[in-house]
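A quick write-up on the structure given underneath.
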Amino acid sequence: MKNLAGLMKQASQMQQKMQDMQSALESAEVEGQAGAGMVTVVLSGKGDMKRIKIDAKLADPNETEMLEDLVLAAHADARRKVDAMAAEEMQKATGGLQLPAGMKLPF
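Just so we're aligned: the sequence shown equals residues 2 to 108 in the working numbering.
So this is what it looks like as structure tokens:
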């Protein structure tokens, strides 16, 4: 029974760490760029788009396809950074405990 109490305490501590991590991710912002910084996308740590900034030089109606591509590229860049940040925070919260393949917390 002593081991069960210790296990329950560890589970409670991990749950608190997960909640803290989720709060940190919600308040974090990650910036992705494309086109040498001409398009910038800011995502929350949860991956929600917060802001987008487009250089006025790209507002040429003849270049809308390129602009669309740059927005997608900037979003992808920011998303990769969010995923890396979330993985790093998860590693901290779990103390290096390896989660089963395909298990992506906290999302």
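Glycine residues also receive a C-beta, built at the ideal position from the N, C-alpha and C atoms.
Buried versus exposed call for residue i [16 or more other C-beta atoms within 10 Å across all chains shown]
i, result
"residue 71", "buried"
"residue 35", "buried"
Whether residue i touches residue j by CB criterion (9 Å)
i, j, result
"residue 74", "residue 40", "yes"
"residue 33", "residue 80", "yes"
"residue 31", "residue 91", "no"
"residue 7", "residue 29", "no"
"residue 1", "residue 93", "Here the chain comprises residues numbered 2 to 108, so residue 1 is not present and cannot be evaluated."
When the options are compared against residue i, the one with the closest alpha-carbon
i, options, result
"residue 95", "15, 36 and 29", "15"
"residue 76", "93, 20, 55 and 5", "55"
"residue 50", "59, 78, 18 and 19", "78"
Counting Cβ pairs closer than 8 Å, one from the stretch 22-30 and one from the stretch 59-70, do we hit at least three?
With a cut-off of 8 Å, the stretch 59-70 and the stretch 22-30 do not count as touching, because too few Cβ pairs lie within range.
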